[in-house]
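Protein chains in written order, with this note's numbering: chain A, 158 to 455; chain B, 97 to 366.
We put the CB at the ideal spot given by N, CA and C, even for glycine.
Bear in mind the structure is a predicted one, so any value in this text is a computation, not a measurement.
The structure appears right after this line, and notes come after that.
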């Protein structure tokens with residue numbers, strides 16, 4: 158009996174030692190910051206003067222006086238449209254690639270190629286593609302006679318946001334395609350055979366079999382798309398830095414600017430809380446939209 | 097008949113591939129162009145192609161220093177991920193009180209995007225005295241939850257009897273992990289290496305926050321700095337872009353399968 162307890166005790170000690178380093182990293186850089194951030198948002202604090210409790214003043218300022226916050230919030234929601242666009246395109250590509258097509262693996266690799274790239278480099282590539290003089294897009298548009306003078310994509314209040322979204326879709330397309338392909342491959346082929354025997358046309362097979370069976374994958378893509386739009390700092394920072402004006406300002410770039418540009422850590426913390434709350438709400442909504450059971454597979 | 101029916105698919109996919117590849121071509125072309133890159137109309141082929149821009153990169157910015165920083169931080173991150181994730185995953189394959197809670201904790205941590213923690217994360221790193229240091233740059237990336245689950249799934253697939261036999265032979269937990277499990281789980285190791293390498297190699301926001309000293313900056317920061325410094329007036333910027341992209345692309349192409357498996361495994365477990 159005593160040896161049994163001893164073994165169990167040793168086992169628990171081993172588990173603790175093995176888990177500790179990883180948990181320390183997560184504690185230090187995920188959990189502790191989350192709590193500290195909330196605490197900070199109720200303080201008046203900067204590196205120069207000591208913390209002082211000010212209740213909801215930071216939130217009051219955010220909601221009532223900070224127009225940029227509202228702009229950034231709206232822009233973040235607009236930027237999020239890159240997720241559904243990318244998912245629909247990726248689904249189309251996944252359906253094309255998911256067959257005994259010759260060269261399917263090569264197509265897959267090429268579509269996926271942009272995903273693992275450094276986003277800063279992707280941002281510079283797209284700045285150059287959109288450039289007024291050296292950019293390919295303006296060159297093609299002018300050659301086709303669609304515009305007579307070059308469009309300043311990233312300097313225009315109307316075009317900057319769609320341009321950044323297009324670059325984002327270009328980068329994440331491959332990721333969604335891979336997730337959806339995995340989902341497609343897990344649909345049992347006999348479902349399609351049965352439907353074909355029953356004489357169901359292709360579109361019916363798509364809406365009645367493919368889409369419902371893909372629900373968990375679509376949910377996953379939606380959640381990752383939402384997370385992505387909240388964390389697309391690199392792309393926007395390098396392509397437009399939130400400009401022109403605040404036309405492409407996202408919550409994350411505004412948090413960075415208030416926190417590290419203006420050293421207003423307290424206020425940036427309040428912005429972060431708002432951003433995180435919004436993220437949780439949207440993830441929950443995506444969960445409901447997927448039928449509420451997406452987490453239960455596997 | 098069947099082959100003919102495939103042509104519309106090929107045509108559609110070729111258009112998609114062209115859209116995916118043309119931006120790369122445009123940047124490579126610009127990096128090789130000798131004359132004024134702003135001349136209109138731009139040439140579709142590089143005029144008088146040469147590699148001067150690639151040489152310029154070494155002189156215009158402290159490229160070797162950025163490269164060194166990026167390599168060291170990536171090595172720390174990759175090493176940290178293999179060791180810490182394997183240890184944590186091994187612990188999670190054993191039964192112990194509170195295991196459910198640890199798994200739940202890890203899963204909920206996955207929902208916290210790093211970007212939602214930047215301000216306290218910066219303050220914590222400052223208190224630890226690790227601003228402007230390699231360790232400070234690598235610390236938040238030393239262990240990744242997705243990769244822990246990749247290891248855990250691989251360990252669980254190893255037959256129980258093998259581990260029991262090793263234990264009978266008197267091997268301790270560390271030895272079982274290092275001598276029995278890890279050699280049998282090479283694909284999971286590859287996935288860990290690739291994901292942690294790509295993440296740390298590409299990371300931009302964290303280095304931007306914790307490094308003020310130009311000598312401690314990594315390649316993505318150097319790239320962004322170069323952009324604001326030369327206001328993209330020279331082809332050297334695009335040569336720099338190509339040079340930075342090549343290692344990531346090479347790693348990805350060499351180990352595509354592991355990379356995609358890691359993403360989908362992480363995604364479905366998450």
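With a cutoff of 8 Å on beta-carbon distance, residue 186 of chain B and residue 251 of chain B are scored as near each other.
Residue 420 of chain A: not part of any beta strand (DSSP E); DSSP gives it neither H nor E. Distances from the CA of residue 189 of chain B to each of B/149, B/255, B/212 were compared; the closest alpha carbon is that of B/255.
Following the DSSP letters along the chain, one finds residue 160 of chain B inside the alpha helix (DSSP H) bounded by residues 159 to 189. In its chain, beyond the 5 residues on either side, 315, 319 have a beta carbon closer than 7 Å to the beta carbon of residue 340 of chain B.
In summary, residue 391 of chain A is buried, with 16 or more beta-carbon neighbours lying within 10 Å of its beta-carbon over all protein chains present. Following the DSSP letters along the chain, one finds residue 207 of chain A inside the beta strand (DSSP E) bounded by residues 206 to 210.
Scanning B/164, B/193, B/148, B/287 for the CA closest to the CA of residue 229 of chain B turns up B/164. Under the three-pair Cβ rule at 8 Å, the segment 241 to 248 of chain A counts as touching the segment 332 to 342 of chain A. When Cβ pairs closer than 8 Å are counted between the two stretches, the segment 181 to 191 of chain A is seen not to touch the segment 381 to 401 of chain A, the count staying below three.
By the criterion of at least three beta-carbon pairs nearer than 8 Å, the segment 398 to 414 of chain A is in contact with the segment 314 to 328 of chain A. Take residue 378 of chain A, set aside five residues on each side of it, and the residues of its chain with a beta-carbon closer than 6 Å to its own are 244, 333, 336, in chain order. Under the Cβ criterion of 8 Å, residue 325 of chain A is not counted among the residues facing chain B. If you check each beta-carbon in the segment 127 to 148 of chain B against every beta-carbon of chain A, the ones closer than 8 Å belong to 133, 134, 135, 136, 137, 138. A distance below 6 Å between beta-carbons, with the five flanking residues on each side excluded, links residue 125 of chain B to the following residues of its chain, in chain order: 142. Restricting attention to alpha helix (DSSP H) runs no shorter than 4 residues, the segment 226 to 273 of chain A encloses them at 239 to 254, 261 to 269, ordered along the chain. Among the CB atoms of chain B, one or more fall inside 8 Å of the CB of residue 278 of chain A. Taking C-beta atoms under 8 Å as the contact rule, residue 321 of chain A and residue 272 of chain A fail to qualify, at a distance of about 17 Å. Neighbours of residue 269 of chain B in chain A, taken as residues whose beta carbon is under 7 Å from its own, are 171 in chain order. Pairing residue 258 of chain B with residue 276 of chain B gives a Cβ-Cβ distance under 8 Å. The DSSP-derived three-state label of residue 313 of chain B is coil. Residue state for residue 200 of chain A is assigned as strand, using DSSP reduced to three classes. Secondary structure note for residue 195 of chain B: its alpha helix (DSSP H) is the uninterrupted segment 195 to 206. Restricting attention to B/108, B/156, B/221, the CA atom closest to the CA of residue 336 of chain B is found in B/156. When the five nearest sequence neighbours on each side are left out, the beta carbons in the same chain lying within less than 8 Å of the beta carbon of residue 202 of chain A are those of 208, 209, 422, 423, in order along the chain.
Between the segment 190 to 208 of chain B and the segment 276 to 292 of chain B, the count of C-beta pairs closer than 8 Å stays below three; the two stretches do not touch. The beta carbon of residue 227 of chain A does not come within 8 Å of any beta carbon belonging to chain B, so the residue lies off that interface.
For residue 112 of chain B, the chain A residues whose C-beta falls within less than 7 Å of its own C-beta are 250, 268, listed in chain order. Counting only runs of 3+ residues, no beta strand (DSSP E) is found wholly inside the segment 196 to 278 of chain B. Residues of the segment 428 to 443 of chain A with a Cβ closer than 8 Å to any Cβ of chain B, in chain order: 429, 432, 433, 436, 437, 440.
The beta carbon of residue 312 of chain A sits no closer than 8 Å to any beta carbon of chain B.
For residue 295 of chain A, the enclosing alpha helix (DSSP H) begins and ends at 293 to 300. Shortest Cα-Cα distance from residue 195 of chain B to any of A/443, A/175, A/239 involves A/175.
Residue burial is scored here from C-beta neighbours: residue 350 of chain A has fewer than 16 other C-beta atoms within 10 angstroms and is therefore classed as exposed. Residue 211 of chain B sits close to residue 409 of chain A, with the two beta carbons spaced by under 8 Å.
Residue contact check for residue 396 of chain A against chain B: no CB pair falls below 8 Å.
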